[in-house]
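Trainee:
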Amino acid sequence: MCTRILNNINRSHVTVGRNMDWEFPLNPTVSYTPSIGQRFGMSVQEVEKVNAKSPTLPLTQDGVLDWDIEYASISTLLGSESNGYGFCDGMNEQGLVANALYDTNCSFGLNQTKEQKGLSILRWGQYILDRFASVQEAVDSLSRQNIYLYGGQVPGDDLSAATLHIAISDKDGNSAILEVHNSEIKIYKSDNYTVMTNQPNYPTQLKMMDYWLYQWNKPDLFNELDERTAIAENHIRNPHPTFSVPGGYTSVQRFERACFYRYMYNPQAYKIDPVAQVCSMVATCNVPPAFEELYPHNLLEKLEKKLGYSVNSYTLWTNISDSTKRRYYLMSNLSVQSLWFDFDFPSPKCYTLVVDKALENAGIMGLANTEMLPCETPPFSQYE
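Now the structure itself:
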């Protein structure tokens, strides 16, 4: 369920690719927000749900985070204006990228302090894009733990809890992985943390990679820069490396395969398009539509979930963020439709575009700024 790869091989042209995987089709909304206005960290309904779980310590609007929009952004959102949105992916005008992926290890508490402000995890990624220009800025701020994250439901899928982690990167190729444990933000920062999938937690994923790094004769790949030399000297290098990788669809297998194609490259290659390069990398982790390894032995599960086709997640679309040229792509895996967007909008208004079957049938391809419709208020900008 989702794969992210940061391509910072060429630091003068940084790109990011992520697959969005789910059990059934979702219609994403691409949203452009200018660098003006304000947003709220939770809706009234979300606050009411929190208070229903903890009536003795009610959360009020004063305890909800609000912020001014510092940077324009283009985001992919799940849900709808009538039912509410959730942030999925996006990039701001400074080239900062946030990729929100499903995380089964994410957990929440009910212990917000007076010094903290509440923020829905469905709005967390948008907050990052609105407020920060670089990975270091975001890490410095989020490390203060003055934000308390609350869970929710995935817009468009009432049966799925919104348990997420976020990968962030910037135009200089810096990277950090942000995970949530009991509503506390855990931060793992390294330019080499270029791959993220879903589970287990990030430190465990790195440990599980030790076997493959030995096979590929890259034992010190994920160690901190200032420790690499010492650790490499103590590592037993593989005199007979084996260059193979798992081909399955699970989170662990996709993590290992994404690392294989991300880190096995020729540093002397030139005239490589980093957008096409990262697109090819993340395509190796695509799960095709209608893939189902248990068919026909899972009919009961399909009936329980009211699904007519598959209980396996498969790739719905791929987002590519070009942090250097500030171009944002959405490429469907259910058709051949490819759209892209830039920050050249005619007026300081918000714009949205629902990527649905009607848009596909209209044959819209390529630069899609002019297909977006102006909106009165950006998503998350009203406390209601």
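Take 1 as the starting number for the sequence shown in the UniProt record's numbering and just add one per residue.
By construction, the Cβ of each residue, glycine as well, lies at the ideal position given by its N, Cα and C atoms.
In this structure, how does DSSP classify Cys2 when only helix, strand and coil are distinguished?
Mentor: Residue mapping note: residue 2 aligns to position 2 of the sequence shown, counting from 1. Cys2 falls in the coil class under three-state DSSP.
Trainee: Mind reading off the beta-carbon distance from Trp340 to Arg327? Whole number of angstroms is fine, and I expect it under 8 Å.
Mentor: Numbered from its first residue, the sequence shown carries residue 340 at position 340. Numbered from its first residue, the sequence shown carries residue 327 at position 327. Indeed they touch by this definition, with Cβ atoms about 6 Å apart.
Trainee: What residues are listed by DSSP as bridge partners for Arg39?
Mentor: As a position in the sequence shown, residue 39 is number 39, starting the count at 1. Its beta-bridge partners are Trp67.
Trainee: Output the distance between the C-alpha atoms of Ile36 and Lys218, rounded to the nearest integer angstrom.
Mentor: Here residue 36 refers to the residue found at position 36 of the sequence shown. Here residue 218 refers to the residue found at position 218 of the sequence shown. Roughly 46 Å between the two C-alpha positions.
Trainee: Ignoring anything shorter than 3 residues, give me the beta strand (DSSP E) runs that lie fully in the stretch 47-133, in order along the chain.
Mentor: Complete beta strand (DSSP E) runs here, min 3: 66-68, 73-80, 84-92, 97-102 and 117-120.
Trainee: Does DSSP put Phe260 in a helix, a strand or coil?
Mentor: Here residue 260 corresponds to residue number 260 of the sequence shown, with the count starting at 1. Here Phe260 sits in helix by DSSP.
Trainee: When you compare the CB positions of Ile185 and Ile147, do they come within less than 9 Å of one another, or not?
Mentor: Here the question's residue 185 lines up with position 185 in the sequence shown. Here the question's residue 147 lines up with position 147 in the sequence shown. Yes, they are a contact pair.
Trainee: Can you give the beta carbon distance from Leu78 to Cys88, rounded, assuming they're within the 8 Å contact cut?
Mentor: Sequence index remark: in the sequence shown, residue 78 carries index 78 (1-based). Sequence index remark: in the sequence shown, residue 88 carries index 88 (1-based). About 5 Å separates the two Cβ atoms, so the contact holds.
Trainee: Considering just the uninterrupted stretch of the beta strand (DSSP E) at Leu206, what are its terminal residues?
Mentor: Residue mapping note: residue 206 aligns to position 206 of the sequence shown, counting from 1. Here Leu206 belongs to no beta strand (DSSP E); instead the alpha helix (DSSP H) covers Tyr202 to Met208.
Trainee: Is the beta carbon of Asn105 less than 9 Å from the beta carbon of Glu23?
Mentor: Walking along the sequence shown from the start, residue 105 turns up at place 105. Walking along the sequence shown from the start, residue 23 turns up at place 23. No; because the gap between Cβ atoms is not below 9 Å, this pair is not in contact.
Trainee: Beta carbon of Glu93, beta carbon of Phe132: below 9 Å?
Mentor: As a position in the sequence shown, residue 93 is number 93, starting the count at 1. As a position in the sequence shown, residue 132 is number 132, starting the count at 1. No; because the gap between Cβ atoms is not below 9 Å, this pair is not in contact.
Trainee: Please identify the residue among Glu293, Ser321, Thr324 and Val287 whose C-alpha is closest to the C-alpha of Tyr314.
Mentor: For the purposes of this step, residue 314 is identified with residue 314 of the sequence shown, where counting begins at 1. Cα-wise, what sits closest to Tyr314 is Val287.
Trainee: In angstroms with no decimal places, state the Cα-to-Cα distance between Phe40 and Trp212.
Mentor: Numbered from 1 along the sequence shown, position 40 holds the residue referred to as residue 40. Numbered from 1 along the sequence shown, position 212 holds the residue referred to as residue 212. Approximately 44 Å between the Cα atoms of the pair.
Trainee: From what residue to what residue does the beta strand (DSSP E) around Lys218 run?
Mentor: Locating residue 218 in the sequence shown gives position 218, counting from the first residue. Unbroken run through Lys218: none, as it is neither H nor E.
Trainee: Below 8 Å CB to CB, which residues in the same chain sit around Glu115 once its five sequence neighbours on both sides are set aside?
Mentor: Taking the sequence shown and counting its residues from 1, the one referred to as residue 115 is at position 115. Correct list, in chain order: Asn146.
Trainee: Between the alpha carbons of Glu293 and Val245, how many angstroms are there, rounded?
Mentor: Position 293 of the sequence shown holds residue 293. Position 245 of the sequence shown holds residue 245. C-alpha separation (whole angstroms): 19 Å.
Trainee: Count Cβ pairs between the stretch 52-59 and the stretch 1-17 that sit closer than 8 Å; are there 3 or more?
Mentor: Too few Cβ pairs lie closer than 8 Å, so no.
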